[in-house]
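Data first, discussion second: the structure below is written as structure tokens.
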Amino acid sequence: MQVKLNVVVGAVALMLSGAAMSQDLVVKIGHVGPTSGAIAHLGKDNELGARMAITELNAKGVMIGGKKAKFELLAEDDAGDPKQGTAAAQKLVDSKVNGVVGHLNSGTSIPASKVYSDAGIPQISPSATNPKFTRNGYKTTFRVVADDVHLGGTLGKYAVKELKGQSIAVIDDRTAYGQGVADEFEKGVKAAGGKVVGREFTTDKATDFTAILTNLKAKKPDVVFFGGMDAVAGPMLRQMKQLGIEAKFVGGDGICSGELPKLAAGTMGDGQVVCAEAGGVEGESKKTSDAFKAKFKEAYKVEVQIYAPYVYDAVNVLVAAMVKAGSAEPAKYLPVLAKTEGYKGVTGTISFDNKGDIKNGALTMYTYKGGEKSQIAVVR
């Protein structure tokens, strides 16, 4: 009896051991964005990009270190607020996520980056463009978009050379993103020989711009640049129309959304708004980008706003590094992630430099016609 019992116990132990070995490797990917507040439509766009990537990865049956990976998305809302952003970051750290994609805003991404760095958890922002984000020396910090030096500077030169701006006004919302991109835009204007006739500021929660627009109207600008997000840009365009300011309206990726025409309530003239989005694809690569947007709309019944494709790519870049390293442990795959080179994403080719910035980041210039976003050109 004892022999039989030992055999049975041994067999059960072997079965349990085999079952344990065959269990899925659970990989937790954190995502943080403003899914409440004025730019919730952008935060939700980002989160859907992450969900699409996670769904597809699970369907593929990705293997990491000989185990089938089961990916879970842990999504947090930072409402675009720095304090809430660091709290969300700490929550993800406490949940022992394997990597993080986010945050959307520079103002939340920068303080959160220290939380992730202290925990040794890789963070890829799909949209934070303030140069400071990757200038703190953290080995865990990456981004898949060009920074404000490139974006703002290129827009400044474009306003002078292509839009023929003779008198250019600048407004920013005093956020890390808005002020940063406006500063670089102003530098770009001056480098191209242009003239800035006025500089004003507002906040990212303001709705009345009468005073600052009246001040600028007296200077007769032919181009007005706004450093901020579409939730503020829309009402600003409406009030420009009311005041009879017919200048071109230029901005960075923060205003370059599908929602802007609605927020402007029909006051945008065809070609009046020119914006730049970090990233860009041309030729054959554009087919991949267009296919993603079509797939996204089919899955979620909404159009891509701005950043969903960058979130999608960021999730996949994290996982590609895990697969190559044979481990989802941050300390083991982080060195591989840092050496990412030539990854083909839906937003273009992704390679990181030694600061965690994307190499050779492209920009796509857009305008709006008939209420629809229309690509002008890809600029490198």
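In mature numbering (1 follows the signal peptide of the UniProt record, and there is no 0), the protein residues as written are -22 to -1, 1 to 358.
Glycine included, C-beta positions come from ideal geometry on N, C-alpha and C.
If you're wondering where the values come from, they're calculated on a predicted model, not measured in any experiment.
Across the set D72, S91, G232, L52, the C-alpha of S91 shows the shortest separation from the C-alpha of K61. Distance from V159 to G130 at the Cβ level is roughly 4 Å; contact confirmed, criterion being Cβ atoms closer than 8 Å. One alpha carbon belongs to A292, the other to D72, and they sit about 22 Å apart. Rounded to the nearest whole angstrom, the C-alpha separation of R29 and D2 is 19 Å. Every unbroken stretch of the alpha helix (DSSP H) spanning 4 or more residues and falling wholly within the segment 23 to 106 is given here in chain order: 60 to 72, 84 to 97. Note: Y346 is bridge-paired with K351 in the DSSP secondary-structure output. Here the alpha carbons of M41 and A306 stand approximately 11 Å from one another. Judged by pairs of C-beta atoms under 8 Å, the segment 190 to 197 touches the segment 164 to 176, as three or more such pairs exist. Annotated as proximal: T181 and R152, with beta-carbon spacing under 7 Å. E54 is the residue among I32, G44, E54, G115 whose C-alpha sits nearest the C-alpha of T13. T132 is not a Cβ neighbour of G258, given a cutoff of 7 Å. Three or more Cβ pairs closer than 8 Å define a contact, and the segment 200 to 216 meets that threshold against the segment 226 to 234.
Under the DSSP assignment, Y136 falls outside any beta strand (DSSP E), being part of the alpha helix (DSSP H) whose first and last residues are 126 to 139.
In this structure, the alpha-carbon of I146 lies about 13 Å from that of A169. For E178, the secondary structure class from DSSP, reduced to helix, strand or coil, is strand.
In the DSSP annotation of this structure, the continuous segment of the beta strand (DSSP E) that includes I146 starts and ends at 146 to 150.
If you look at Y321, you'll find it in the beta strand (DSSP E) that goes 321 to 323. When C-alpha distances from G222 are compared across I233, Q144, N36, M246, the shortest belongs to M246.
Residue nearest to E162 within the set T107, A189, R113, G115 is T107 (criterion: CA-CA distance). Inclusion of H9 and V79 in the CB contact set at 7 Å is warranted, their separation being smaller than that value. With contacts defined as CB atoms closer than 7 Å, G58 and G15 qualify as a contacting pair. Excluding residues up to 5 positions away in sequence, K226, F227 lie with their Cβ nearer than 7 Å to the Cβ of Q250 in the same chain. A Cβ-Cβ separation of about 5 Å places D248 in contact with K347 under the 8 Å criterion. Within the same chain, Cβ atoms closer than 7 Å to the Cβ of A242 are found at G212, L215, R216, the five residues on either side in sequence being excluded. Among the bridge pairs identified by DSSP, V297 is matched with none. Taking each of V357, G349, V324 in turn and checking the Cα distance to N338, the smallest one comes out for V357. For T86, the CB contacts under 6 Å within the same chain, skipping 5 residues up- and downstream, are D56, P60, G63 in chain order.
Ranked by Cα distance from Y116, the first of Y344, I354, K333, A209 is K333. Distances from the CA of K38 to each of A298, A137, D125, V138 were compared; the closest alpha carbon is that of A298.
Counting along the chain, the unbroken alpha helix (DSSP H) around T188 starts and ends at 188 to 195. By the 16-neighbour rule on beta-carbons within 10 angstroms, K135 is buried. DSSP links C253 through a beta bridge to G229, Y344. Secondary structure note for G8: its beta strand (DSSP E) is the uninterrupted segment 3 to 11.
Secondary-structure assignment with DSSP links R121 through a beta bridge to S103. Residue nearest to T188 within the set M218, K48, G172, A209 is M218 (criterion: CA-CA distance). Under the three-state reduction of DSSP, V280 is assigned to coil, being neither helix nor strand.
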